[in-house]
Amino acid sequence: MTSSLTPPGPAPIDVGRWRAPTLGENLEQSGVSRRDFLAFCGVLAGIFAMGDTALARPASAEPLTAELIADKLSAVTKPNVVWLQLQECTGCMESTLRSGGTTIEEAVLSLLSVNYNELVMAAAGDAANKALDETNKSDHILVVNGSIPRGANGAYCTIGGKSAEQVLRESAEHASAILAVGACAVWGSVQASKPNPTGAVGVDEIITDKPVVNISGCPPIGEVITAAVAYVLTQGELPAVDGEGRPTFAYDQRIHDSCPRRPHYDAGQFVRTFDDEGARMGWCLYDVGCKGPSTFSACPVIQWNLHTSWPIGAGHPCIGCTEKHFFDRFTPFYQTLPNVPGLGVEATAEKVGWGLVGATAAGVGIHAGLTALRRSLARKRTAGEPLEALGEKVWLPDPSVRPADAPADAPADRRPAAGPSQEG
Amino acid sequence: MSTRVVIDPLTRIEGHLRIELETEGGAIRKAWSETTQFRGIETIVQDRDPRDAWAFVQRICGVCTSVHAIASVVAVENAIGANPPRQARLIRDIVLASQEVQDHVIHFYHLHALDWVNVPSAATADPAKAVEFARSIGSTWKGNTIERMTAVRDTVQQILDSGQLSIFTGGYWDHPDYRLPAEANLMAVAHYLDALEFQRSMIRIGTVFGGKNPHPNFLVGGMACTIDLDRSESINQVQLDQIADWVAETRDFVASCYLPDALAIMGVYKDYFDIGAAQPNYLAVGLAGATFGGDPGASRTTSAHTEVKPGVLLDGDLSTVHPFDPTKIAEYIASAWYTYQDGDDAGLAPAQGETTPQYTGPKPPFEWLADADKYTWCKAPRYDGKPVQVGPVARILLAYAQGHQRTCELVDDAAGKLGITVDQLNSTAGRTLARAVEAMISAEALAEVTFPQLVDNLKKGDIDVFDNSRWDPSTWPDKGEGFSFVEVARGNLSHWVTVEDGKVARYQAVVPTTWLAGGRDADGQQGPYEESLAGAGSHPLHDAAQPLEPLRTIHSFDPCMSCAVHVLDVEGAELQVVTS
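Going line by line, the protein sequences match chains A and B. Numbered per UniProt numbering, the first sequence spans residues 1 to 424. Numbered per UniProt numbering, the second sequence spans residues 1 to 580.
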């Protein structure tokens, strides 16, 4: 069975001067019909539209239709990509592998040239480092999974003998877009939780001279990760972000706002224990610790693993994994939200739910409590007053903040006006 | 004259692994396994609500997602005396099985196959002959069509034409030891892409019960996902039908695609059944998915195959199954950047473990680590003082030694086809084959045992998936110690927890890759990775600049380095963070 066939050697990489077929050509050659491609783009359009497009894009911009996305995607050549995995668990890459779309394998192989990613790349050792160094030299998209440990002179995470910080700095130098993907890359996540033994920080603590788009979540939904990359390619610019640097197309709404269990919250129907009648009826999980009211994520809309389910759909409270320092701020996970130390919201589910049973009043009640604590931020850490939580300063996100170039007449916040205290 | 070889990053694994070698005349003489990441999660979980611990420790790994969470909730349940209902246990078994098969499929096709399969060569293949080749090896996979093979061949050609090889950049494609004919390479690349598509489907079984993947949700005392066939908002017949479909697909994929591919490809590289042996000691508490809360010698288990008992095989003797004794496990730090209060040569049982990081290596960037006694973040676990192998090869050999019928059938069939003996499973090719055999057994157990049992119990009205009686911390003992053993994809996983005054007082995980990737112990015994490369002194390395052969051997263990590194802060002890 042994073959004497000599396979062709690898084509030399000539980074920056390659001539690649466009995605459209590639798809055509590989037999992907325009119709199938449009269906894929329709999914993307849905994801983008899920975010408030008025907030995400200037009002004058063309609406993001599947046709437009298909046209723009078809015209791009393959950008080089460096996809780093620093101090992390590979969950974000696994999530990326689960991203939906019927022909995503072909699309990804044709859409991007991922020259460096430790999980899937063929090369190892010196050959891998060479691919990284050469790609780093010229324009590329940088995707980062994982945090950067600053303790022990960087010895808590080394790659090719270099510290994670050095690897990140070298890859960021000529990157035209930087996406911090996953809670670790954004805020350090689990290893940055108290007492943060390795001194882990997120990407934008290290890279401060370039914009870093934060795709938060532990992990983020696969479709959100790939849509962030597709956004950059189709729009030629970074997506609009909220006060935490997260793209508004996936993070401008609280889970609570689009949760299918929301009517039960408004009606005061709460799960009291995981095996009660309320649990089987799909009632609201607020009372058993759900963090949905203060978590910004597209989970209820996009859902997980080809729209199979999502955490609340499977009966478990949201643990708030798209929020900053969620491990420290939102634990104990099963404690009712207002009682979580540091959030300081006085209302309880009982008061809100039973005291103000009405279409929006109950929702407004809890929003009011939260909104009173929010502060406007033009960009994170540039303004606003911090909240004392667990002995440290944290900010609650504020999606009503528009990017600086958004038209002044764009609605700032379409949710029910948050008056002063309306709780019962 | 010896040559120094460094492989860092060792890619297509989870996490950060560096291998340093000294070679002479094309053979590896010395090897060092070096874990280059440390995160400290067990320290972080300390003083927290034990009901939250699963969410923290699950983040040990996003590849082995859910297995640490299940090990954690079982250990906590053991500590506080919670008793999850049988349906909840079955659901965890189903999640473990689907996760494990998916994990093995991803490992074989996406993390290991490129060591054996030459991607550029696929562009030169005749699609019709590739289909013929697939048929000749007994692959009945529905993707074996001329149209599909043609499309994949064209995709490979386009990538080559574009000059941008994407993830195939820098592969050792001109290495002389790629042996498959072009048609086999094309078939394997097609199956690589099919598996990428398929793993998404397979994982959805766990999503129904846990809400997402990676990192689904679990619950101390049972599961949060209610089941009630007569309710729209709980898991009902709609989801059961979907799961039945995915379970059937899973078995079909393994039987018609994965197992035949593994047999055929390992058959072409048959000399690798004589390469890469590690110490012939094996430990397992049962077949994949076997789960114990507390001592496996005494406590109850959940398993699709209760007839396979916990056991240890020593010194290559497959005729004697020694009873498994958890108290014989100890961890050593002679080669790891930690310090023990009683001296760094001591071995500590997990229940008394300490982890105080103390980095003594060179300041990054560095060229070489192996000159120092300490060179890794991974501890070295030993059983009764011996390095042992865990994982599919250990489980398959244990089940075989106990005469488990299906295991014996599949192993004997494969051994007959390949002309190897059972003890040759201790090898680079053997570990890869054992994983495929195990995936078959697990996929069958999912389809024939665990999922039908869940449905059958539902038919009898058993919808209880959560035990509320120990949810409230006031029902817990003032101090409780618990532990769990779970057989997960990469091998034997144990979590150890002490709950005091409603908080986690101590937490420790001993994970499969720690058993395998650890370095030398105080007696100078190498860890299994090191032994597999340097033990016999005959491991090939054709070209130091293209270390394809050691990659094959290390990948055969399916390394998971994030899992391998763990830290325990003993009660009251301050964690020492070295900052300069």
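Glycine is no exception: its CB is placed at the ideal position from the N, C-alpha and C atoms.
Any beta carbon of chain E sitting closer than 7 Å to that of residue i?
| i | result |
| --- | --- |
| I91 (chain B) | Protein chains A and B are contained in the structure displayed, whereas chain E is not. |
Are the beta-carbon atoms of residue i and residue j separated by less than 7 Å?
| i | j | result |
| --- | --- | --- |
| V144 (chain A) | L84 (chain A) | yes |
| A183 (chain A) | C218 (chain A) | yes |
| G171 (chain B) | A314 (chain A) | no |
| L287 (chain B) | A399 (chain B) | yes |
| L189 (chain B) | Q239 (chain B) | The amino acid occupying residue 189 (chain B) in the given sequence is Val; Leu does not appear at that position. No, the pair does not count as a contact, with Cβ atoms beyond the cut-off. |
| P364 (chain B) | K210 (chain A) | no |
| K194 (chain A) | D328 (chain A) | yes |
| A97 (chain B) | S442 (chain B) | yes |
| P528 (chain B) | Q424 (chain B) | no |
| T421 (chain B) | I94 (chain B) | no |
| L21 (chain B) | P559 (chain B) | no |
| I167 (chain B) | R470 (chain B) | no |
What number of angstroms, rounded off, separates the C-alpha of residue i from the C-alpha of residue j?
| i | j | result |
| --- | --- | --- |
| A334 (chain B) | G519 (chain B) | 8 Å |
| F330 (chain A) | K291 (chain A) | 7 Å |
| residue 636 (chain B) | T514 (chain B) | Not covered by the structure: residue 636 (chain B). The range shown for chain B is 1 to 580. |
| E118 (chain A) | D275 (chain A) | 43 Å |
| M561 (chain B) | A509 (chain B) | 13 Å |
| E331 (chain B) | G391 (chain B) | 18 Å |
| V285 (chain B) | V167 (chain A) | 41 Å |
| P317 (chain A) | Y334 (chain A) | 8 Å |
| I265 (chain B) | F108 (chain B) | 11 Å |
| Q87 (chain B) | E438 (chain B) | 24 Å |
| L337 (chain A) | F296 (chain A) | 15 Å |
| E24 (chain B) | S136 (chain B) | 40 Å |
| T301 (chain B) | R204 (chain B) | 25 Å |
| A279 (chain A) | T273 (chain A) | 7 Å |
| Q526 (chain B) | A564 (chain B) | 16 Å |
| V67 (chain B) | V105 (chain B) | 17 Å |
| residue 425 (chain A) | A152 (chain A) | What is shown of chain A runs 1 to 424, which leaves residue 425 (chain A) out entirely. |
| I227 (chain B) | Q253 (chain A) | 29 Å |
| L114 (chain B) | E354 (chain B) | 39 Å |
| residue 434 (chain A) | N305 (chain A) | Residue 434 (chain A) lies beyond the stretch modelled for chain A, which goes from 1 to 424, so this question has no answer here. |
| S201 (chain B) | L97 (chain A) | 11 Å |
| L397 (chain B) | D325 (chain B) | 18 Å |
| P357 (chain B) | A172 (chain A) | 30 Å |
Could you tell me which chain A residues have their CB closer than 9 Å to the CB of residue i, listed as they occur along the chain?
| i | result |
| --- | --- |
| C61 (chain B) | C89, T90, G91 |
| N144 (chain B) | Within 9 Å Cβ-Cβ: nothing; N144 (chain B) doesn't reach chain A, min ~17 Å. |
| G210 (chain B) | S309, P311, A314, H316 |
Below 7 Å on C-beta distance, what does residue i contact in chain A?
| i | result |
| --- | --- |
| I167 (chain B) | V114, N117, V120, M121, A122 |
| K363 (chain B) | N153 |
| E14 (chain B) | T90 |
Just the chain A side, please: which residues come within less than 8 Å of residue i by C-beta, in chain order?
| i | result |
| --- | --- |
| S474 (chain B) | Under the 8 Å cutoff, chain A gives no residues; its nearest Cβ is about 14 Å from S474 (chain B). |
| Y338 (chain B) | By Cβ distance, chain A contributes nothing, its closest Cβ being about 12 Å from Y338 (chain B), past 8 Å. |
Run through chain B and tell me which residues come within less than 7 Å of residue i, C-beta to C-beta.
| i | result |
| --- | --- |
| F327 (chain A) | F56 |
| V181 (chain A) | Here the premise fails: no neighbours, minimum Cβ distance about 12 Å. |
| T198 (chain A) | F38, R39, G40 |
Quick one: which chain B residues come within Cβ less than 9 Å of residue i?
| i | result |
| --- | --- |
| P332 (chain A) | R48, D49, R51, D52 |
The stretch 130-137 of chain B / the stretch 216-230 of chain B touching (three or more Cβ pairs under 8 Å) | no
If we count Cβ pairs, one from each stretch, closer than 8 Å, do we get three or more for the stretch 498-506 of chain B versus the stretch 249-263 of chain B?
-> no
Any chance you could list the alpha helix (DSSP H) runs of at least 4 consecutive residues sitting entirely within the UniProt domain "Cytochrome-c3 hydrogenase C-terminal" (251-334) of chain A, in chain order?
-> 255-258, 262-266, 277-280, 299-302, 326-329
Identify every run of the beta strand (DSSP E) within the stretch 124-194 of chain A, keeping only runs that are complete inside it and at least 3 residues long; order them along the chain.
-> 140-145, 175-181
Which runs of the alpha helix (DSSP H), 4 residues or longer, sit entirely within the stretch 34-111 of chain B?
-> 41-44, 53-58, 67-80, 86-106
List in chain order: all unbroken alpha helix (DSSP H) runs of 4+ residues lying wholly within the stretch 156-221 of chain B.
-> 182-202, 204-210
Do the stretch 419-436 of chain B and the stretch 180-191 of chain B make contact, defined as three or more Cβ pairs closer than 8 Å?
-> no
Using 8 Å as the threshold, is the stretch 377-388 of chain B in touch with the stretch 34-41 of chain B, meaning 3 or more CB pairs across them?
-> Flag = yes, the stretch 377-388 of chain B and the stretch 34-41 of chain B touch.
Segment contact, 8 Å Cβ cut-off, at least three pairs: the stretch 141-158 of chain A with the stretch 172-186 of chain A | yes
Every unbroken beta strand (DSSP E) inside the stretch 385-417 of chain B [3 residues or more] = none
The stretch 270-283 of chain B contacting the stretch 305-324 of chain B, beta-carbon criterion three pairs below 8 Å = As far as the Cβ criterion goes, the stretch 270-283 of chain B touches the stretch 305-324 of chain B, which means the pair count is three or higher.
Does the stretch 12-29 of chain B touch the stretch 42-59 of chain B, meaning 3 or more C-beta pairs lie closer than 8 Å?
-> no
Quick check: the stretch 109-129 of chain B against the stretch 139-154 of chain B, are there 3 or more CB pairs under 8 Å?
-> yes
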